[in-house]
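Only one structure is covered here, and it is reproduced in the block below.
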Amino acid sequence: MHEMSIAQSLIDIIKEEMTRHDATVLRSVRLNIGQLSAIVPQSLSFCFEVITSGTELEGAKLIMEVIPLEGMCRECKQAFGIEDYAFECPYCGSPDIETTAGQDLSIVDMEVD
Amino acid sequence: MKISVVKNILEANDRIAQENRAIFDESNLLVINLMSSPGAGKTSLLEKTIDALKNDFQIGVIEGDIQSSQDAERIARKEIPVVQINTGGACHLDGNMIRDTFKEFVFDDLDLLVVENVGNLVCPAEFKVGEDFKAMILSVPEGEDKPAKYPLMFHESKVLLINKIDLAPYLDCSVEDMKKEALKVNPHLTIFEVSCKTGEGLDSWYAWLKDAVNNRKSA
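Sequences listed follow chains A and B, in order. Numbering (the working numbering) for the first sequence: 281 to 393. Numbering (the working numbering) for the second sequence: 13 to 231.
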């Protein structure tokens, strides 16, 4: 259950950005949650609500999209979806692949007034 | 109004971890973030490793647990510097907690610092602490399905120690399958099959670790 720490980091970034843009109301935040990250979206949502309740951020919507794992083979240059967490090229079998999506945990944008 | 942000949510921790790393670099110190489920054998592996290498290297340990100082007491019996962090509920160590222990160490006097993370197969993998690499233990009784169920930790680790191989004959679990499953999630894993109870397989781990410390010192 590390979603509480993640929610706290998220709120720190939100507050920083709101100050920078002179915003006072947070309507929604969009997050990309990489498939590889060990985050449970429902738990993150719950922690976000708990931390923001009674604050100026209360009621803001957390919109989360889970980004599937994708890879690119450094040997045969093919791009593919990484299925069942098997980190090898499904075309040539090489383990020398670059993970191109699905690893990160990031804020995309936020809607503020 | 829409604000485009595009920021890693863990950015603040990553930055602290990077600063920690810069401090370790000044002393050419090899730092390992050791992770596993509770009871897989992190502290036992550390005790064995300290016994084997303490004449060659100066070793320090940071012990992370939710509560209690039992692990730090076990390590302190080896007469090496050790600091216990009690997270008081948090399921992982982060960069800040590690930084708070710095005043307890003289890094120039150390060659190897092992951070024993909180026993947990999920959360510690998400937070860097400034380590050179992550090493993890999977013990045979945990079963071969763990890499598929907890892929992040296996994916983030450089080294996997499969511990308690002495128990394999009594369990419906194959060490070969464990290796196969782990390599599927991370084909670059360096794997050691060991038993901290009988000592089997530990010599190869010690030799590998010795090289890693020496390489770090001469870097």
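C-beta atoms are modelled at their ideal positions from N, C-alpha and C, and glycine is treated no differently. Note that this is a predicted model, so its numbers are computed, not measured.
Contact list for residue i against chain B, beta-carbon separation under 9 Å
i, result
"M390(A)", "K14, I15, S16, V17"
"E297(A)", "I15, V17, K19"
Chain-ordered neighbours of residue i on chain B, where CB pairs are closer than 7 Å
i, result
"A366(A)", "K196"
Which of helix, strand or coil DSSP assigns to residue i
i, result
"N198(B)", "coil"
"A381(A)", "strand"
"A318(A)", "coil"
"S216(B)", "helix"
"I234(B)", "Examination of residue 234(B) is not possible in this model, given that chain B is present from 13 through 231 alone."
"A389(A)", "At residue 389(A) the sequence reads Asp, which differs from the Ala that was named. In the structure shown, D389(A) sits in a strand (DSSP, three-state: E or B)."
"A224(B)", "helix"
"F367(A)", "coil"
"N20(B)", "strand"
"D37(B)", "helix"
"I74(B)", "strand"
"D376(A)", "coil"
"Q232(B)", "This structure leaves residue 232(B) out entirely; chain B is present only between 13 and 231."
"D26(B)", "helix"
"A84(B)", "helix"
Neighbouring residues, chain A, relative to residue i (Cβ below 8 Å)
i, result
"L22(B)", "I286, S289, L385"
"P163(B)", "L316, Y365"
"D106(B)", "S285"
"A160(B)", "D364, Y365"
Inter-residue Cα distance where the pair is residue i and residue j
i, j, result
"I294(A)", "S151(B)", "41 Å"
"V346(A)", "E85(B)", "43 Å"
"D376(A)", "E355(A)", "7 Å"
"I97(B)", "D106(B)", "11 Å"
"Y218(B)", "T210(B)", "15 Å"
"P348(A)", "H104(B)", "25 Å"
"F204(B)", "V171(B)", "8 Å"
"G101(B)", "E297(A)", "30 Å"
"S81(B)", "I87(B)", "10 Å"
"L65(B)", "F326(A)", "46 Å"
"A359(A)", "I28(B)", "34 Å"
"L122(B)", "I71(B)", "6 Å"
"E212(B)", "I331(A)", "49 Å"
"E368(A)", "K196(B)", "7 Å"
"Q315(A)", "V392(A)", "27 Å"
"E193(B)", "C185(B)", "12 Å"
"V127(B)", "K60(B)", "15 Å"
"E363(A)", "V18(B)", "26 Å"
"V285(A)", "G361(A)", "Looking at the sequence provided, one finds Ser at residue 285(A) rather than Val. Going from the Cα of S285(A) to the Cα of G361(A) covers about 30 Å."
"K14(B)", "V305(A)", "12 Å"
"V141(B)", "S56(B)", "22 Å"
"V73(B)", "D120(B)", "15 Å"
"R111(B)", "S169(B)", "22 Å"
"S216(B)", "D302(A)", "59 Å"
Residue i - containing beta strand (DSSP E), residue span
i, result
"N312(A)", "306–314"
"S151(B)", "145–151"
"I347(A)", "341–347"
"S48(B)", "42–48"
"A359(A)", "359–361"
"D63(B)", "No beta strand (DSSP E) contains D63(B), which is instead part of the alpha helix (DSSP H) from 54–65."
"E338(A)", "Per DSSP, E338(A) belongs to no beta strand (DSSP E) and is neither H nor E."
Start-to-end residues for the alpha helix (DSSP H) that takes in residue i
i, result
"C353(A)", "Not the alpha helix (DSSP H): C353(A) falls in the beta strand (DSSP E), residues 350–353."
"I331(A)", "321–332"
"E283(A)", "283–300"
"K209(B)", "Neither: K209(B) is in no alpha helix (DSSP H) and is coded neither H nor E."
"P159(B)", "158–161"
Proximal chain A residues relative to residue i, where beta-carbon distance stays under 7 Å
i, result
"P199(B)", "F367, E368, P375"
"E138(B)", "H282, S317, A318"
"G134(B)", "The question names Gly, but residue 134(B) is Val in the sequence shown. A318, listed in chain order."
Listed by chain order, chain A residues near residue i by CB distance under 9 Å
i, result
"N25(B)", "S285, S289"
Task: Those runs of the alpha helix (DSSP H) which lie wholly inside the segment 87–143 of chain B and span at least 4 residues - done: Runs found: 107–111.
key: Start-end ranges of the alpha helix (DSSP H) lying completely within the segment 163–196 of chain B, minimum 4 residues   = 163–168
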